[in-house]
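Read through the structure below, which is laid out as structure tokens, and then see the notes.
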Amino acid sequence: AQSVTQPDIHITVSEGASLELRCNYSYGATPYLFWYVQSPGQGLQLLLKYFSGDTLVQGIKGFEAEFKRSQSSFNLRKPSVHWSDAAEYFCAVGASGAGSYQLTFGKGTKLSVIP
Amino acid sequence: EAGVTQFPSHSVIEKGQTVTLRCDPISGHDNLYWYRRVMGKEIKFLLHFVKESKQDESGMPNNRFLAERTGGTYSTLKVQPAELEDSGVYFCASSRVRASLTDTQYFGPGTRLTVL
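Same order as they appear, the protein sequences are chains A and B. The opening residue of the first sequence carries number 1 in the numbering used here; numbering runs sequentially from there. The opening residue of the second sequence carries number 1001 in the numbering used here; numbering runs sequentially from there.
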């Protein structure tokens, strides 16, 4: 069965600083990988996804993520954080095949931004 | 286009009572998913409908949970009787026509359930 680890529960960065949120997954085959963000009172919004091809994926709001098979990682990055990026971020993996389309999520990383 | 909506946003009930959560997917989305997040833990999959049929209910915790999607539109998730460990946030998501991981799952804001 697949699993996702987000080792950082809470991260605080200053506005304008760079950001990297870590995600490690466990899955035997090529995974489908996702990053979602949840702002207070909102549903989860998809930031980006990776299925195949170029391992550097560009998403919305200036985010990008890099798939590294050798490290089983899919870290999320942003070069300059804005105060509006304060939210909770979830990494997820989807398992293809056998008619299953469920996503397996990590525990989430809460991002605080200092003005 | 309206997003996925869920009702109620919050529910507080006592142990042993019944609660029904509702999810309205994005119009035209055949796939509907329920997930749950217990405090401090991961968001976990409960089940997946394709139209009115249950495609995958492997995540349903026990038979106190009953999900329905009559007519293939909105869905309800009933918990009867509720236990303390059922507390958490229940998310609904929907995706377009063909069930596929390449199809984005759009999530609602969730229903926060508290069982006292």
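For each residue, glycine too, the CB sits at the ideal point set by N, CA and C. Please read all numbers here as calculations on a predicted model, not as lab measurements.
Just to confirm, are residue i and residue j a CB contact at a threshold of 9 angstroms?
i, j, result
"Glu-15 of chain A", "Val-93 of chain A", "no"
"Tyr-1090 of chain B", "Thr-1114 of chain B", "no"
"Leu-21 of chain A", "Trp-35 of chain A", "yes"
"Leu-44 of chain A", "Asp-85 of chain A", "no"
"Gln-58 of chain A", "Phe-90 of chain A", "no"
"Phe-105 of chain A", "Glu-1042 of chain B", "yes"
"Ala-29 of chain A", "Tyr-50 of chain A", "no"
"Glu-1052 of chain B", "Leu-1116 of chain B", "no"
"Ser-1087 of chain B", "Pro-1025 of chain B", "no"
"Glu-1083 of chain B", "Val-1038 of chain B", "no"
"Leu-1101 of chain B", "Tyr-25 of chain A", "no"
"Phe-1045 of chain B", "Gln-71 of chain A", "no"
"Gly-1040 of chain B", "Lys-107 of chain A", "yes"
Note down, in chain order, every chain A residue with its Cβ under 7 angstroms from the Cβ of residue i.
i, result
"Ile-1043 of chain B", "Phe-90 and Phe-105"
"Asp-996 of chain B", "Residue 996 of chain B is absent from the model: chain B starts at 1001 and stops at 1116."
"Leu-1021 of chain B", "Simply none; closest approach about 14 angstroms."
How is residue i classed by DSSP in three states: helix, strand or coil?
i, result
"Ser-38 of chain A", "Before going on, a small fix: residue 38 of chain A reads as Gln here, not Ser. Gln-38 of chain A: strand per DSSP, three-state reduction."
"Gln-1020 of chain B", "Here the sequence assigns Thr to residue 1020 of chain B, which means Gln is not the residue at that position. It is a strand residue."
"Leu-1084 of chain B", "helix"
"Lys-94 of chain A", "Residue 94 of chain A is actually Gly in this sequence, not Lys. DSSP places Gly-94 of chain A in strand when its eight states are reduced to three."
"Thr-1102 of chain B", "coil"
"Ser-84 of chain A", "helix"
"Ile-60 of chain A", "helix"
"Thr-1070 of chain B", "helix"
"Arg-69 of chain A", "helix"
"Arg-22 of chain A", "coil"
"Thr-30 of chain A", "coil"
"Lys-107 of chain A", "coil"
"Gln-45 of chain A", "strand"
Can you tell me which residues form a DSSP beta bridge with residue i?
i, result
"Thr-12 of chain A", "A:Ser-112"
"Ala-1093 of chain B", "B:Tyr-1033 and B:Phe-1107"
"Phe-51 of chain A", "Paired residues: none, contrary to the question."
"Thr-955 of chain B", "Absent from the structure is residue 955 of chain B, since the part of chain B shown begins at 1001 and ends at 1116."
"Val-4 of chain A", "A:Tyr-25"
"Ser-1027 of chain B", "Per DSSP, none; premise fails for Ser-1027 of chain B."
"Arg-77 of chain A", "A:Glu-20 and A:Glu-64"
For the beta strand (DSSP E) that residue i lies in, which residues bound it at each end?
i, result
"Ser-1058 of chain B", "Taken as a continuous stretch (DSSP letters only), Ser-1058 of chain B belongs to no beta strand (DSSP E), as it is neither H nor E."
"Phe-1045 of chain B", "1043 to 1050"
"Lys-1078 of chain B", "1075 to 1079"
"Gln-102 of chain A", "First-last for Gln-102 of chain A: undefined, no H or E at that position."
Which chain B residues sit within Cβ distance under 8 angstroms of residue i?
i, result
"Gln-42 of chain A", "Pro-1109"
"Tyr-32 of chain A", "Leu-1101 and Thr-1102"
Identify the contact partners of residue i in chain B, using a Cβ-Cβ distance below 9 angstroms as the criterion.
i, result
"Leu-46 of chain A", "Thr-1104, Gln-1105, Tyr-1106 and Phe-1107"
For a contact meaning CB atoms closer than 7 angstroms, what does residue i contact in chain B?
i, result
"Gly-28 of chain A", "Result: empty, since nearest Cβ-Cβ is about 15 angstroms, beyond 7 angstroms."
Would you mind telling me which residues of chain A sit closer than 8 angstroms to residue i, beta carbon to beta carbon, in chain order?
i, result
"Leu-1077 of chain B", "Simply none; closest approach about 16 angstroms."
"Asp-1030 of chain B", "The premise fails here: Asp-1030 of chain B is roughly 12 angstroms from chain A at the closest Cβ pair, so nothing lies under 8 angstroms."
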